[in-house]
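Remarks on the structure that follows.
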Amino acid sequence: MTSSTLVSSFAEDVRHYLQLTPRQLPSVYLYDALGSALFDSICELPWYRITRAETQLLERRRTEIFARLPGLTRIVELGPGDGRKLKALVDGTSEPLIAHLVDVSQGALDRAAHTLSDALNLRVTTHQASFEDGLEAIVRAESGERTLVLFLGSNIGNFDQRGATALLERISASLAPGDAFLIGADLVKPERDLLLAYDDPLGVSSAFNLNVLLRINRELGANFDLRAFRHRAVWNAACSRMEMFLVSTRAQRIRIDAVDLEFDLAKDEAIWTESSYKYTPDAFIGQLRDSGFESIAQWIDREQGFALTLARTT
Ligand code: AVI
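Throughout, the numbering used here is defined as the position within the sequence shown, counted from one, plus 140.
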């Protein structure tokens, strides 16, 4: 995908989603360079436990994980972040492995490759592509490898049920029978913990959310006044998801030059910017089953409310 296609799909999506009821912005656009740096900071916050819980599970359970993957030759990580989680996992094996990292952001890939540069026995290749296209290209280029796909960080939580099933089905369809899949999912937990994780006292989550408006101003010539919005995080129990919004604190007229769009925002009107689905361990196994995977092991951190599930294609 060229950068001009990326820019035009950003513009088209902004135009389309801001005119829906309720107004929305797809959460993928939260991650420009500043948004990614703010997300990395969120992962360091004491109230946001996903990254810590998952890294600890990978470190503590890596021997058990590799014991279930005899003959493994290749790991494909979809969205490797800064590479530290893959490092935590592979520090548990001395077998030579090929690692393929897939992400749309070349900056993220470079950082992850750098983190992994001193991992012994690991040959790292990066692929700037969507998860699905990257995985398909890797498998097409070299068949016959025993593959483990990693999808960590509860990134699956940012897909709704249909989107999650579609993505997981495409992953399972790309793999050979018996290939493995290790996926991290944040679990349903007390509402007060979820609210602190998504609306932290330091205001980092708020900055992460507001930054999408800054990005639209910069890249698409809009006039969002960031001081006229506030971050809101809500637990929607019926849908089992955290929701993030940007709420207009006054009536205002928005203009976005690059897409020739003008609209009015009422006081207290909200733009919905992210959903983060939370699972129960069993519901997650069911989700995998419905998408072409059979679960073979699940490790749960009950205190932090996080599950790592190992599955194989059926
Ligand atoms: C990347 N993703 C799994 C994060 C989440 O928890 O849904 C993004 C995030 N949004 C607010 N804080 C973190």
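Every residue gets a Cβ at the ideal spot worked out from N, C-alpha and C, and that includes glycine.
Quick caveat, the model's predicted, so the values are computed rather than measured.
Measuring only the C-alpha atoms, how far is P341 from D300?
Position 201 of the sequence shown holds residue 341. Position 160 of the sequence shown holds residue 300. Spanning the two alpha carbons is a distance of roughly 28 Å.
Can you pull the DSSP bridge partners for V387?
Within the sequence shown, the letter at position 247 stands for residue 387. Per DSSP, R370 and A410.
Could you give the uninterrupted runs of the beta strand (DSSP E) lying entirely in the region 287-350, keeping only those of 3 residues or more?
287-291 and 320-326
Could you check how far apart the C-beta atoms of A337 and R189 are, in whole angstroms? I think they sit under 8 Å.
Taking the first residue of the sequence shown as position 1, residue 337 is located at position 197. Taking the first residue of the sequence shown as position 1, residue 189 is located at position 49. In this structure, A337 and R189 form a Cβ contact; the two beta carbons are roughly 7 Å apart against a cut-off of 8 Å.
Using a Cβ-based criterion (distance less than 7 Å to any ligand heavy atom), does I411 qualify as near the ligand AVI?
Along the sequence shown, one-based indexing puts residue 411 at 271. Flag unset: Cβ of I411 not near the ligand AVI.
Tell whether a beta-carbon distance below 8 Å holds between Y171 and S270.
In the sequence shown, the residue the question calls residue 171 occupies position 31. In the sequence shown, the residue the question calls residue 270 occupies position 130. No, Cβ-Cβ distance for Y171 and S270 is not below 8 Å.
R390 and K407 closer than 8 Å at C-beta
Your numbering for residue 390 matches position 250 in the sequence shown. Your numbering for residue 407 matches position 267 in the sequence shown. Cβ distance < 8 Å, so R390 and K407 count as in contact.
Do the CB positions of V230 and G274 come within less than 8 Å of each other?
As a position in the sequence shown, residue 230 is number 90, starting the count at 1. As a position in the sequence shown, residue 274 is number 134, starting the count at 1. Their beta carbons are not under 8 Å apart, which means V230 does not touch G274 by this criterion.
Please report the Cβ distance between K131 and S380, rounded to the nearest whole angstrom; I am assuming they are in contact, meaning their Cβ atoms lie under 8 Å.
It is not possible to answer for residue 131, since the shown part of the chain is limited to 141 through 454.
Taking only beta-carbon atoms, is D430 less than 8 Å away from chain C?
This model lacks chain C altogether, as it is built from one protein chain only.
Excluding sequence positions up to five away, which residues of its chain have a Cβ less than 6 Å from the Cβ of F385?
Mapped onto the sequence shown, residue 385 falls at position 245. Excluding sequence neighbours, F385 sits near R372, A410 and W412.
So T449 is in the beta strand (DSSP E); what residue range does that whole segment cover?
Sequence index remark: in the sequence shown, residue 449 carries index 309 (1-based). F446 to T453 is the span of the beta strand (DSSP E), which, as asked, contains T449.
Taking the alpha-carbon positions, what's the R200 to G223 distance?
Taking the sequence shown and counting its residues from 1, one reaches residue 200 at position 60. Taking the sequence shown and counting its residues from 1, one reaches residue 223 at position 83. R200 and G223 have their alpha carbons spaced roughly 17 Å apart.
Looking at Y169 and the ligand AVI, is the gap between the Cβ and the nearest heavy atom below 7 Å?
As a position in the sequence shown, residue 169 is number 29, starting the count at 1. No, since every heavy atom of the ligand AVI falls outside the 7 Å radius drawn around the Cβ of Y169.
Tell me, please, whether the region 162-170 touches the region 346-359 by the rule of three or more beta-carbon pairs shorter than 8 Å.
yes
With H, G and I counted as helix, E and B as strand and the rest as coil, what does DSSP make of Q159?
Walking along the sequence shown from the start, residue 159 turns up at place 19. Looking at Q159 - three-state DSSP - the assignment turns out to be coil, as it is neither helix nor strand.
Of the listed residues P186, A447 and L237, nearest to P421 (C-alpha basis):
Here residue 421 refers to the residue found at position 281 when the sequence shown is read from its first residue. The shortest Cα separation from P421 among P186, A447 and L237 belongs to A447.
Buried or exposed: where does S143 fall if 16 or more other Cβ atoms within 10 Å of its Cβ makes it buried?
For the purposes of this step, residue 143 is taken as residue 3 along the sequence shown, with counting starting at 1. Low confidence applies to S143: its pLDDT is 46, below 50, so where it sits in the model is not reliable, and the reading given next is rough at best. When all chains shown are included, S143 counts as exposed.
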